[in-house]
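Student: When the sequence shown is numbered by the UniProt record's numbering, its final residue is 364 and no position is left out of the sequence of numbers.
A virtual CB, placed ideally from N, CA and C, is assigned to each residue, including glycine.
None of these values were measured; they are calculated from a predicted model.
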Amino acid sequence: MPNCLNESKTMTKMTNKKNTLTDFMSLSAKAQFAFDRGEDKKTTKYLRKAMALGSKHGYFNFQMWRPDVMVPLCMKAMAEGIEVDYVRELIRKRNIFPENPPMDINNWPWPLKIYTLGRLSLFKDGKLIQFSRKVPQKPIALLKALIALGAKDASRVASGAVSESKIRDVLWPDAEGDASYNTLTTNLNRLRQVIGIEKAILFQKGRIELNPRYCWVDIWSFERLLDQAYSTKRDGDKKKHVQLLEKAVEMYHGDFLDGEEEEFWTISPSERLRNKFIRCLSKLGSYREENRQFEKAIDYYNKGIEVYDLAEELYQRLIICYYRIGCNADVVGVYKRLEKVLSAASGITPSQKTKQIFKRLLYK
């Protein structure tokens with residue numbers, strides 16, 4: 001009799017497990033159908049239920065696995081913060097990777113994450129790579145050059161491949177021929193050793209690039225978010241446009257490779273990225289002004305000035321916002337601050353436009 005009871009309990013557990021797996025697959029299918037129809041709320045609803053079951057019961061291997069279904073659902077789950085730990089493990093175990101690398105999904109389980117905005121930091125499998133004093137500087141310089149010189153193309157493609165000749169010219173301008181090539185390959189191998197991921201860097205057909213299947217770089221994500229923001233604006237989705245701009249702003253922690261030794265080849269990408277950040281803040285501030293949210297607009301403009309205190313357009317908007325909320329003392333303070341900054345930097349005074357705004361508001 002006890003054996004019969006045990007067998008009955010075992011059968012019940014197996015049946016329940018089978019039923020929950022069926023529920024998981026059914027909910028995943030419903031999420032897919034909703035996703036294909038563009039029904040965002042329904043997609044999220046079914047996805048939350050499916051991934052909760054998957055997380056609870058550890059569903060990683062099951063019949064009827066379809067990568068074409070699970071890849072977009074995993075991307076959606078990560079983007080929405082749904083059962084992130086479970087989905088991250090599912091991605092790793094099933095080696096899930098979309099055709100177009102999800103650079104805008106920061107919590108995707110990239111083997112290597114590289115931060116360059118405000119500092120240089122590398123994380124391998126979520127752990128900070130500590131550079132000892134014994135680590136040669138040239139391999140690190142090679143990494144910086146790969147990111148800086150490839151940055152111009154990174155917003156349009158997953159990453160920017162750089163010709164080996166260009167790398168050699170900027171890092172070893174005095175070396176020639178075989179000596180230059182050998183120095184490059186030696187430092188490339190050393191960089192791979194420092195990173196600890198052999199496939200993280202590709203070198204083929206005379207071009208070198210960070211492998212987008214293994215690497216995530218913050219400036220790639222930053223520029224991808226801005227591209228998506230401007231695309232949604234063209235489509236007329238202003239709410240999504242603003243959300244993406246705000247997400248991009250959150251990523252900008254300072255200028256490109258700030259704190260690192262400045263090289264001539266970092267100046268152009270640094271200025272370009274900073275200008276994009278300033279324009280982004282200007283658009284967000286204008287949006288808040290349109291909705292009479294002047295305090296929020298002020299926060300955006302001040303954030304931009306903290307990064308680049310010569311952005312005169314932001315001072316102009318600050319002056320107007322402070323005037324709108326009746327803070328005339330701050331209007332004067334902002335104008336005086338701009339005068340000091342411009343005088344110290346270039347020995348010039350505010351533009352005629354700024355002077356006219358200031359005089360029109362306070363002396364009309």
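(1) Can you have a look at Gly54 and say buried or exposed, based on whether 16 or more other CB atoms are within 10 angstroms of its CB?
(2) Take Phe62 as the anchor and find which of Arg224, Val162, Met25 has the nearest alpha-carbon.
(3) For Ser132, does the three-state DSSP call read helix, strand or coil?
(4) Kindly give me the distance between the Cβ atoms of Asn187 and Ala200, rounded to whole angstroms, as I take these residues to be in contact under 8 Å.
(5) Counting C-beta neighbours from all protein chains within 10 Å, is the total for Lys255 16 or more, i.e. buried, or is it exposed?
(6) Going along the chain, which residues of its own chain have a beta-carbon closer than 7 Å to the beta-carbon of Leu362, five neighbours each way excluded?
(7) Which whole-angstrom value describes the C-beta separation of Val217 and Ile298, a residue pair presumed to lie in contact below a C-beta threshold of 8 Å?
(8) Roughly how many whole angstroms lie between the Cα atoms of Lys353 and Lys144?
(9) At what residues does the alpha helix (DSSP H) containing Cys327 begin and finish?
(10) Return the chain-ordered list of same chain residues with a C-beta closer than 7 Å to the C-beta of Arg360, the five sequence neighbours on each side being excluded.
(11) Give a yes or no on contact between the region 126-136 and the region 203-210, applying the rule of three or more CB pairs nearer than 8 Å.
(12) Measuring alpha carbon to alpha carbon, tell me which residue in Val87, Asp125, Met70 is nearest Glu99.
(13) Let's test the definition: count the other Cβ atoms within 10 Å of the Cβ of Asp125 and tell me whether it reaches 16, buried, or not, exposed.
(14) Measuring CB atoms only, is the region 257-264 touching the region 224-244, in the sense that at least three cross pairs come out at less than 8 Å?
(15) Find the nearest neighbour of Asp169 within the set Gly118, Phe277, Met103, Leu142, judged by alpha-carbon distance.
Tutor: Once the coordinates are examined:
(1) Along the sequence shown, read from residue 1 onward, the residue named residue 54 stands at position 54. Counting Cβ neighbours within 10 Å, Gly54 comes out buried, since at least 16 surround it.
(2) In the sequence shown, counting from the first residue as 1, residue 62 sits at position 62. Comparing Cα positions, the closest option is Met25.
(3) Translated into the one-based positions of the sequence shown, residue 132 becomes position 132. Ser132 falls in the coil class under three-state DSSP.
(4) Along the sequence shown, one-based indexing puts residue 187 at 187. Along the sequence shown, one-based indexing puts residue 200 at 200. Rounded, the Cβ-Cβ distance is 15 Å, inconsistent with contact.
(5) For the purposes of this step, residue 255 is taken as the residue at position 255 of the sequence shown. Sequence inspection shows Asp at residue 255; the Lys mentioned does not correspond to that position. That one is buried.
(6) Stepping through the sequence shown from its first residue, residue 362 is reached at position 362. So the list reads Asn328, Val331, once near-sequence residues are dropped.
(7) Position 217 of the sequence shown holds residue 217. Position 298 of the sequence shown holds residue 298. Actually they are not in contact, since the Cβ atoms of Val217 and Ile298 sit about 32 Å apart, beyond 8 Å.
(8) By one-based count along the sequence shown, residue 353 stands at place 353. By one-based count along the sequence shown, residue 144 stands at place 144. Distance between the alpha carbons of Lys353 and Lys144: 39 Å.
(9) Residue 327 sits at position 327 when you count from the first residue of the sequence shown. Run containing Cys327: none; DSSP gives neither H nor E here.
(10) Numbered from its first residue, the sequence shown carries residue 360 at position 360. Here the set comprises nothing.
(11) no
(12) Counting from 1 along the sequence shown, the entry for residue 99 is found at position 99. With distances taken between Cα atoms, Glu99 lies closest to Met70.
(13) On the sequence shown, residue 125 is found 125 positions in, with the first residue counted as 1. Looking at its Cβ environment, which holds fewer than 16 other Cβ atoms inside 10 Å, Asp125 is exposed.
(14) no
(15) Locating residue 169 in the sequence shown gives position 169, counting from the first residue. The candidate whose alpha carbon is nearest that of Asp169 is Leu142.
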